[in-house]
Amino acid sequence: MSPAITHVTLAANEASEHRTLIIVLFSLFVLATLGITVWAGRQTKDAADFYAGGRQFSAFQNGLAVSGDYMSAASFLGIAGAIALFGYDGFLYSIGFLVAWLVALLLVAEPLRNSGRYTMGDVLAYRMRQRPVRTAAGTSTIVVSIFYLLAQMAGAGVLVSLLLGITSDAGKILIVALVGVLMIVYVSIGGMKGTTWVQMVKAVLLISGTILITFLVLLKFNFNISDLLGKAAENSGKGEAFLEPGLQYGADNLTKLDFISLGIALVLGTAGLPHILIRFYTVPNAKAARKSVNWAIGIIGGFYLMTLALGFGAAALISPEEIIESNPSGNTAAPLLALHIGGVDSAWGAILLATISAVAFATILAVVAGLTLASSSSFAHDIYANVIRKGQATDKEEMRAARWATVLIGIVSIALGALARDLNVAGLVALAFAVAASANLPTILYSLFWKRFTTQGALWSIYGGLIVAVGLVLFSPVVSGDPKAMFPDVDFAWFPLKNPGIISIPFGFLMGWLGTVLSKEEPDVKKYAELEVRSLTGTGAH
Amino acid sequence: MAAEAPPPSTEQAKLPTPEEFTEVQESAEFGDLRRSYRSFAFPLTIGFIVWYLLYVLLSNYAGGFMGAKVVGHINVAFVFGVLQFLSTFLIAWWYSRHAAAKLDPKAEAIKTRMEGGA
Chain A
1 MSPAITHVTL
11 AANEASEHRT
21 LIIVLFSLFV
31 LATLGITVWA
41 GRQTKDAADF
51 YAGGRQFSAF
61 QNGLAVSGDY
71 MSAASFLGIA
81 GAIALFGYDG
91 FLYSIGFLVA
101 WLVALLLVAE
111 PLRNSGRYTM
121 GDVLAYRMRQ
131 RPVRTAAGTS
141 TIVVSIFYLL
151 AQMAGAGVLV
161 SLLLGITSDA
171 GKILIVALVG
181 VLMIVYVSIG
191 GMKGTTWVQM
201 VKAVLLISGT
211 ILITFLVLLK
221 FNFNISDLLG
231 KAAENSGKGE
241 AFLEPGLQYG
251 ADNLTKLDFI
261 SLGIALVLGT
271 AGLPHILIRF
281 YTVPNAKAAR
291 KSVNWAIGII
301 GGFYLMTLAL
311 GFGAAALISP
321 EEIIESNPSG
331 NTAAPLLALH
341 IGGVDSAWGA
351 ILLATISAVA
361 FATILAVVAG
371 LTLASSSSFA
381 HDIYANVIRK
391 GQATDKEEMR
401 AARWATVLIG
411 IVSIALGALA
421 RDLNVAGLVA
431 LAFAVAASAN
441 LPTILYSLFW
451 KRFTTQGALW
461 SIYGGLIVAV
471 GLVLFSPVVS
481 GDPKAMFPDV
491 DFAWFPLKNP
501 GIISIPFGFL
511 MGWLGTVLSK
521 EEPDVKKYAE
531 LEVRSLTGTG
541 AH
Chain B
1 MAAEAPPPST
11 EQAKLPTPEE
21 FTEVQESAEF
31 GDLRRSYRSF
41 AFPLTIGFIV
51 WYLLYVLLSN
61 YAGGFMGAKV
71 VGHINVAFVF
81 GVLQFLSTFL
91 IAWWYSRHAA
101 AKLDPKAEAI
111 KTRMEGGA
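Residue numbers (our numbering), protein chains in the order written: chain A, 1 to 542; chain B, 1 to 118.
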């Protein structure tokens with residue numbers, strides 16, 4: 001047995017001695033958020049409360065909640081892990097995830113707030129035939145959210161095996177089930193109001209935890225970033241290459257193409273993520289939506305700069321063998337860093353590990369709640385109320401449908417959670433971004449800005465983008481034919497890239513255009529006049 | 001926050017007729033608002049996406065340049081990455097300033113008139 005592995009075992013033992021502390025901290029978070037949820041549930045009287053939190057959150061509150069919704073396990077565990085293992089290449093995630101907010105700010109947030117009511121489907125179906133477009137929007141909302149959920153559940157499983165020393169599948173599935181049950185409670189009782197408060201609490205915890213670890217890492221290097229990078233390069237065993245692009249993606253032309261594909265998916269995905277978009281309905285008007293994006297850009301930007309310290313800190317202070325041994329994709333680098341920075345055999349190290357792990361759990365729980373809310377809202381409002389009941393459902397019936405959908409989606413995500421353990425969670429989330437950028441973004445942009453866009457165009461771009469993106473993932477090395485794949489023992493991966501964005505995003509745009517120019521129906525110009533005037537001025541906004 | 005204050009009655013705001021919307025959409029005033037918005041937001045979007053793609057492509061195909069040391073262990077790639085952060089903050093601020101100065105007053109005027117039942 002190599003020294004590194006013994007070391008990990010020691011760390012795990014140390015951790016298990018302080019298991020109680022982890023469980024206490026996590027239980028505190030759960031109790032506090034359940035309290036908030038019950039309180040918010042009492043305030044939730046009509047559909048506007050349930051779907052949009054009553055639309056009275058301030059720009060800062062929503063900015064914080066948007067950040068909470070966005071900084072998922074992917075950002076915290078995944079990016080830190082990717083940087084810890086691959087150095088500079090992991091940084092692309094941070095940059096792409098941040099720059100993407102400009103698309104949301106400049107093109108989507110305000111028009112959406114002005115013209116929609118509860119869901120992304122409201123805007124997509126505004127000037128189209130309601131039933132087919134709502135069905136498509138609901139479908140893609142649920143698919144994108146489930147991809148995203150998969151990543152969060154993978155993160156939960158990974159944390160559990162590190163912290164509680166549970167390596168059996170049964171133990172992991174139990175924890176994933178616990179997360180699933182909690183999120184069902186949060187969303188079905190608290191609705192958007194409860195979920196928004198949970199996001200805010202979580203954002204404050206995550207930022208505080210990250211500032212603490214960043215500060216301790218920098219302190220260790222006397223705030224000399226160059227020294228930190230130098231030590232990371234040396235300790236990684238890769239030398240200066242660790243600080244340069246290309247370690248993960250520079251191998252050949254194919255991996256370079258994968259890097260471009262990932263880059264495009266990241267920058268175009270955010271503005272198509274339903275769980276992010278519906279957050280803009282929680283503020284009173286478009287101006288507040290703009291301000292909340294600005295707050296989010298500030299908070300998220302600061303956070304991603306700190307993930308550099310987490311990732312390179314982990315690379316500098318922990319041996320690469322130990323990181324890989326703990327999780328092959330580096331997902332546990334951030335909690336391991338907390339343990340090491342406090343001292344592996346000290347109580348302080350165990351306390352830091354417990355704190356950071358509880359924060360990571362809180363992060364996962366909150367994001368999962370946001371995703372579930374987005375999918376169940378879309379199911380209840382787009383599919384149940386507008387397609388099945390043709391707009392005749394009452395608020396009460398819609399909310400009941402949303403609560404049942406929550407339970408159903410909870411069960412589906414628990415079932416899927418068991419599948420994706422060894423994949424890097426940032427990579428998994430990037431797939432959700434690719435699907436969102438392929439199916440949702442083209443349709444949103446055409447709907448808002450292209451006068452001629454028709455129902456057929458909307459359907460072709462949503463289904464075209466969705467089917468190609470999901471199809472390519474299915475036949476990619478993420479699913480089969482790779483030791484780290486979901487099904488490592490079979491190989492039906494004929495599509496070589498891990499991220500489909502470079503093909504599926506242009507395809508989504510192309511289909512929207514093609515569907516429109518080939519459609520026999522005339523665009524509804526009156527409805528477009530209404531949408532355009534509303535989206536730019538806020539006239540008649542809910 | 002929210003819960004205490006009674007929600008203002010935006011939900012009940014009077015919605016203008018389709019004819020009014022079409023009329024406003026074709027008006028010079030709205031055309032002006034649309035132009036101020038699109039001529040700012042569209043080129044800027046293309047600009048930051050090109051700037052971002054430049055970063056992605058340089059990372060891929062200009063390893064030597066990106067690996068060049070600037071100070072200590074800090075290389076061009078890092079400076080480039082941090083510049084992406086700075087440009088994002090800057091563009092967000094710039095757009096918000098433009099929107100507050102040039103878009104909000106025009107949008108507000110049209111909205112008030114339309115909802116006022118003109």
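Glycine included, each C-beta is placed from N, C-alpha and C at the ideal position.
Note that the structure is predicted; figures quoted are calculated from it, not measured.
Between phenylalanine 475 (chain A) and phenylalanine 492 (chain A), the beta carbon gap of about 6 Å places them in contact (Cβ cut-off 8 Å).
Rounded to whole angstroms, alanine 360 (chain A) and alanine 73 (chain A) show a C-alpha spacing of 7 Å. Out of B:Ala68, B:Pro16 and B:Ala41, the CA that lies nearest to the CA of leucine 107 (chain A) is found in B:Ala41.
Per DSSP, the unbroken alpha helix (DSSP H) holding lysine 193 (chain A) starts and ends at 169-220. Taking the Cα positions, lysine 527 (chain A) is about 15 Å away from alanine 458 (chain A).
At a C-beta separation below 8 Å, glutamate 115 (chain B) has these neighbours in chain A: Thr539 and Gly540.
Pairing glycine 250 (chain A) with tyrosine 88 (chain A), the inter-Cα distance amounts to about 11 Å. Using a Cβ-Cβ cut-off of 9 Å, isoleucine 74 (chain B) is close to Ile225, Ser226, Leu229 and Leu243 of chain A, given in chain order. By the Cβ-count criterion, glycine 540 (chain A) is buried, with 16 or more other Cβ atoms from all chains shown falling within 10 Å of its own Cβ. Listed in chain order, the non-local C-beta contacts of valine 24 (chain B) below 6 Å within the same chain comprise Phe30, local neighbours out to five positions each way being set aside. When Cβ pairs closer than 8 Å are counted between the two stretches, the stretch 511-529 of chain A is seen not to touch the stretch 270-288 of chain A, the count staying below three. A check of alpha carbon separations from glycine 370 (chain A) across A:Ala333, A:Lys291 and A:Leu277 identifies A:Leu277 as the nearest. At least one CB of chain B lies nearer than 7 Å to the CB of lysine 256 (chain A). Contact check for phenylalanine 50 (chain A) and alanine 402 (chain A): beta-carbon distance about 6 Å, within the 8 Å limit, so the pair qualifies. Rounded to the nearest whole angstrom, the CA to CA distance from leucine 336 (chain A) to glycine 313 (chain A) is 11 Å.
Where valine 71 (chain B) is concerned, the enclosing beta strand (DSSP E) starts and stops at 69-71.
With respect to the C-alpha of tyrosine 281 (chain A), the residue from A:Leu531, A:Val66, A:Thr37 and A:Thr33 having the closest C-alpha is A:Val66. Considering only A:Phe221, A:Ala233, A:Ile462 and A:Ile444, the residue with the shortest C-alpha distance to alanine 271 (chain A) is A:Ile444.
Spatial neighbours of alanine 437 (chain A) in its own chain (CB-CB distance under 7 Å, excluding positions within 5 residues in sequence) are listed in chain order as Ala265, Leu268, Gly269, Gly272, Gly501 and Ile505. The secondary-structure analysis by DSSP pairs phenylalanine 487 (chain A) across a beta bridge with A:Ser480. Taking a C-beta cut-off of 9 Å against chain A, the contacting residues of the stretch 45-60 of chain B are Thr45, Phe48, Ile49, Trp51, Tyr52, Leu53, Tyr55, Val56, Leu57, Leu58, Ser59 and Asn60, listed in chain order. Check the Cα spacing between leucine 352 (chain A) and each of A:Leu216, A:Val407, A:Lys451 and A:Phe242: the tightest is with A:Leu216. Closer than 7 Å to the CB of glycine 67 (chain B) there is at least one CB belonging to chain A.
Note on asparagine 253 (chain A): under 16 other CB atoms within 10 angstroms of its CB, so exposed under the neighbour-count rule. Contact residues of the stretch 77-88 of chain A toward chain B are Tyr88 (C-beta to C-beta distance below 8 Å). Residue state for isoleucine 166 (chain A) is assigned as coil, using DSSP reduced to three classes. Using a CB distance below 8 Å, the part of the stretch 192-207 of chain A facing chain B consists of Lys193, ordered along the chain. Apart from sequence neighbours up to five positions away, the residues of its chain that approach serine 87 (chain B) with a beta-carbon distance below 8 Å are Phe48 and Trp51, ordered along the chain.
Closest in C-alpha terms to alanine 469 (chain A), from the list A:Leu262, A:Glu321 and A:Met399, comes A:Leu262.
Secondary structure of isoleucine 356 (chain A) (DSSP, three-state): helix. Contact annotation: in the stretch 503-528 of chain A, residues whose CB is within less than 9 Å of a CB in chain B are Val525, Lys526, Lys527 and Tyr528. The way I'd put it, the stretch 404-412 of chain A doesn't touch the stretch 229-239 of chain A; fewer than three beta-carbon pairs between them come closer than 8 Å. Separation of alanine 107 (chain B) and glycine 538 (chain A) (C-alpha to C-alpha, rounded to the nearest whole angstrom) is 7 Å. Scanning A:Gln392, A:Gly512, A:Lys396 and A:Thr33 for the CA closest to the CA of tyrosine 186 (chain A) turns up A:Thr33. In the three-state DSSP reduction, isoleucine 318 (chain A) falls in the coil class, being neither helix nor strand. Each of A:Ser329, A:Ala354, A:Gly63 and A:Ala380 was checked against the Cα of isoleucine 341 (chain A), and the nearest Cα belongs to A:Ala354.
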